[in-house]
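For the protein sequence lines, the chains are A and B, in the order given.
According to our numbering, the first sequence is numbered sequentially starting from 1.
According to our numbering, the second sequence is numbered sequentially starting from 1001.
Note that CB positions come from ideal geometry on N, CA and C, so glycine has one too.
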Amino acid sequence: MKRATFCAAVLLFAACAPLATRAQNPGTIFIQNATVLTVTHGNIEHGSILIREGKIAAVGADLKAPEGAAIIDATGQYVMPGIIDCHSHIAVDGSVNEAGPAVSSMANIADVLNPDDINIYRDLAGGVTTANILHGSANPIGGQTVVIKLRWGKPASELPFQGALPGIKFALGENPKHSNFPTPPGVQARYPATRLGVEEVIRQAFIEAREYKKQWDDYNQRKAAAEQNLVPPRRNVQLDPLVEVMEGKRYVHAHCYRADEILMLIRVANEFGFKVRTFQHVLEGYKIADEIAAAGAGGSTFSDWWAYKMEAFDAIPYNAALMADRGVIVSVNSDDAQEARQLNQEAAKSMKNGGLSANDALKLITLNPAIQLGIDARAGSIDVGKDADLAIYNRDPLSVYAVVQKTLIDGQVYFDRQKDIAGRATLAAEKQALLDKEKKAAEAKKAEEKSEKQPETKPDKKKKPPQDGGGVVQSGVAGGSR
Amino acid sequence: MKILNFSSRALALVLAAFLAIPTWTQNAAPSSYAIKGGKVFTLAGPAIENGTVLIRDGKIAAVGAGIAIPADAQVIDATGLEVYPGMFDPITQIGLNEVSAVSATVDLNELGDYNPELVAATAVNPASAHIPITRANGITEVIAAPGTTGFDLQSGGLIAGQASAFNLAGWTMDEMQINRSVAMVINWPSIQTRTFDFATFSIKEKPYADVKKEYDKSVNALGDWMDRARHYAQAKEKGSPALYERDLKLEALVPVVQGKLPVLVVADEVRDIRNAVDFCSKQNLRMILGSGAEAWKVKELLKDKKIPVVLAPTNRLPEQEDTPYDKPYTEPSELFAAGIPIAFSSFGTAFSRRLPQYAGTAVAYGLPHDEALKAVMLNAAQIFGLADQLGTLAPGKIANVIVTNGDPLELQTQVRYLFIKGQLTSTDNKHRDLYEQYRKRPQPAR
């Protein structure tokens, strides 16, 4: 069973390899005759996009394909900027939560990226090109986050979005205070268990970080003054990321639900002179949208999730629209590998719930998350000079009936629906061949074991070993059944 | 199916969002309505342009073009709008589950593996905030099914109890109830070697042989229950009450073994589905397959045995790593093409309002649009034996009717008028109230 899935992963990986290798030298690509949803400067009917070296070189209605360009005919189709998911846990090899300390800022999600996670491919097939990969929400101060591009088929080292500022996950409310799952028997409950304690943990950590920063600032100052015989302060990998936060070199993405805890973190951030980059989930953000806007923080929320826990009981599907109306930069995120495949649908709900325009609805999953992640100079709209990260749909992506046809990252086609469908028969045949081969090998092994065992069946002593024999027989059985 | 026109459509939606929405509640409403001027999709025949739907005493009285409107009827002008039967979400936890993580608000999973005597209707909370929120999106009736949990991995027993059908409006469950018992819920035992252990927050592996032994034990026990119910029915029929001891569990199973009450068997993996079909076939039970993530692998079997499928949400991940990425999206159309009756369902509470989205996604991947409408409005009524009361706009049926400003499966479509049991019903709800409240919040002082 386990082996079969592994084979499947290999198969899928292999299937996409040709796409990836061909795309290694992207050259010139021309997408023609599409409805281009630029997000920043309107929609262009019968528009074209010229891509050179992975970047958008031109966009317009009257472009001509240059000689030798690879043509993607998108007649009747819609091209939008690749979807940016501001809250994702795909491509993580298990370790989403660092259990134990309430301040786990030393843990880095970039260390556990798994490029073989099939959900990368599935989300790509939902038009997603970029995702903010976060730890879970078990700790008030969680681990370091990384922005990736969904470059399926590439090694882990090539997933990160080059130049994107790293982040750190904070978490407020029920999850860090461990409200909704029992502490296992025999395990001591962990501090904090209240929202009061959550604030204290964060404040205490920043007090330490400020002290630590001061030590380093002093040291660097004295070093710069050519003072002799200096001993540098001891490195603290837990506090380093918090210093980066105070220096504006690392974004804070704070998981939160209730209005009170959001205001709490704004206060703490003001005290230590940093800004919260995004409030994540922020389901009661609509209650204090003005305060969030004034704090310069973004809001990254769900479309219509609610009531799965107490702190989500006042969540409303108008949250995104209401925060946007009050001047907050708002994105709609997935937090879930499936939800990421339908972010275009989720964004569309803010037209119904709160009356956002179609373009503002599209911004929730393109330009706005790009701004929140500090990558809007490179992604989030179809503008000359930006990365050619694009999703091509068969119709208006804000319709429930829209289906992704192709997804491009850096001008390379990483997903092609027609190729995926066409390749399925080959994949199935390959899988069957591997299964047959495995079965044959198992049978051969069994036969071999049998022929080896036969002479041994004669001496009765070996058949009834007094103690340790049980183990021998068991391991034999286990080996044979697999 | 319409392609959205960006500018004009967006403007219309912005306007629609701020227009007054009718706020009549269900008390002291007139008993007669005429919905006129809309395009009427009866689901019993072709759509009627400029049609009229007459409602009287909670029932649909007449449907057609050029029908005379009685003098006492309140007229609802549906010009430019579309009229449909309300949507039916056949597997939910509405009324039994308010806040999933707060166990005090959840009445889903009783202790013990065999609880056929438990009935959802007993504990459906008519004041649940989920009810107005769900109906505002066009869902007018649901079935609450005990023991069917979307997220909780420790679901409620093998025989979880009886599912109840009810309208999403009313002061008490007695007023809301359509049918107290529409199916016996059986969570088919699954052979799972890997399970998630909440106590230690880790995946636990068990040897296949052990799991298989547990599985066989469960299936044998299910068979025993059915056998005992048959004997009980015989004793009850032939003997006097003095000759048998009353047993609530067996009593509840009698209609099941007599084929009067269907079993809603929740199973996903192909092996489990096959085993469940085999079991029900041998036991002569009327089976409805619930969820059926891998039902596409056994289309012939399901068609041969005439087993309908209440589909797991279309918007979900494929079962296996190597399952085609779009298989959950194409499954509804594949089952339909194979001649298997299908109905969409949320299997949830908070996501019941996503029902039209699940159907719409299936249309994107091949299901004919008119079949998708049936699969959210009519088919569940047929599958659960309620089609004489619900599912189409036909005289004599319960007047559960929605009037929309467009395709009810499309994401931006608004429900403009909502009738439940023939009464114009408010689309106000907790969410809209909070929105209105906080939209009016003044700028805080600086």
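- Against A:Pro176, chain B offers no close residue; the least beta-carbon distance is about 15 Å (beta-carbon pairs closer than 8 Å).
- Approximately 21 Å separates the beta-carbon atoms of A:Ser179 and A:Gly143; this is outside 8 Å, ruling out the contact.
- Your pair A:Pro140 and A:Val79 does not check out as a contact, with CB atoms roughly 42 Å apart and the cut at 8 Å.
- Along the segment 1361-1377 of chain B, the positions whose C-beta sits under 8 Å from a C-beta of chain A are Thr1361, Val1363, Ala1364 and Tyr1365, read in chain order.
- With the rule of 3 Cβ pairs closer than 8 Å, the segment 1157-1167 of chain B counts as touching the segment 1115-1124 of chain B.
- Secondary-structure assignment with DSSP links B:Pro1085 through a beta bridge to B:Val1401.
- Bounds of the beta strand (DSSP E) holding A:Tyr251 are Tyr251 to Cys256.
- Pairwise C-beta distances place the segment 208-217 of chain A in contact with the segment 241-255 of chain A, as three or more of them are shorter than 8 Å.
- Under the Cβ distance rule, B:Ser1100 counts among the residues neighbouring chain A, one pair being separated by less than 8 Å.
- Take A:Ile288, set aside five residues on each side of it, and the residues of its chain with a beta-carbon closer than 8 Å to its own are Ala259, Ile262 and Leu263, in chain order.
- The alpha-carbon of B:Val1254 is positioned some 22 Å away from that of B:Thr1148.
- Under the DSSP assignment, A:Lys169 falls in the beta strand (DSSP E) whose first and last residues are Gly167 to Ala171.
- Distances from the CA of A:Gln238 to each of A:Leu63, A:Pro101 and A:Ala57 were compared; the closest alpha carbon is that of A:Pro101.
- Burial of A:Arg151 is indicated by the presence of at least 16 other C-beta atoms within 10 angstroms of its C-beta.
- For A:Asp93, the closest Cβ of chain B is not nearer than 8 Å.
- Going by C-alpha positions, A:Ser331 is about 21 Å away from B:Glu1436.
- In this structure A:Gly374 does not touch A:Ile84 by the C-beta definition: roughly 12 Å separates them, more than the 8 Å allowed.
- Residues of the segment 380-412 of chain A that bring their beta carbon within less than 8 Å of a beta carbon in chain B comprise Arg395, Asp396, Leu398, Ser399, Val400, Tyr401, Ala402 and Val403, in sequence order.
- Interface flag for B:Arg1439 against chain A is set, since a Cβ pair is found closer than 8 Å.
- In this structure, A:Gln412 sits away from A:Cys86, with a CB-CB distance that is not shorter than 8 Å.
- As the crow flies, the alpha-carbon of B:Ala1252 is around 10 Å from that of B:Ala1233.
- Residue burial is scored here from C-beta neighbours: A:Asn229 has fewer than 16 other C-beta atoms within 10 angstroms and is therefore classed as exposed.
- The criterion of a C-beta distance shorter than 8 Å is satisfied by A:Arg277 and A:Gly298.
- Looking at the DSSP output, A:Pro160 bridges to A:Ile148.
- Annotation: the continuous alpha helix (DSSP H) that includes A:Phe206 extends over Arg195 to Ala224.
- For the 8 Å CB-CB criterion, A:Ile31 and A:Ala58 do not form a contact.
- Nearest to B:Gly1396 by C-alpha distance, out of B:Ile1055, B:Glu1237 and B:Thr1134, is B:Ile1055.
- Contact note: A:Pro317 reaches chain B through His1431, using a C-beta cutoff of 7 Å and chain order.
- Inter-segment contact for the segment 1036-1053 of chain B and the segment 1077-1093 of chain B is present: three or more beta-carbon pairs are separated by less than 8 Å.
- Ile118, Asn119, Tyr121 and Arg122: these are the residues of the segment 108-124 of chain A whose beta carbon lies less than 8 Å from some beta carbon of chain B, given in chain order.
- Contact between B:Arg1316 and A:Gln338 holds, with the beta-carbon distance rounding to 6 Å and staying under 8 Å.
- In the DSSP annotation of this structure, the continuous segment of the beta strand (DSSP E) that includes A:Ala57 starts and ends at Lys55 to Gly60.
- Contact of A:Glu291 with chain B is assigned, a C-beta pair being separated by under 8 Å.
- Per DSSP, the continuous beta strand (DSSP E) segment holding B:Arg1416 begins and ends at Val1415 to Ile1420.
- Among the bridge pairs identified by DSSP, A:Pro81 is matched with A:Leu390.
- Using a Cβ distance threshold of 8 Å, B:Thr1330 and B:Gly1366 count as a contacting pair.
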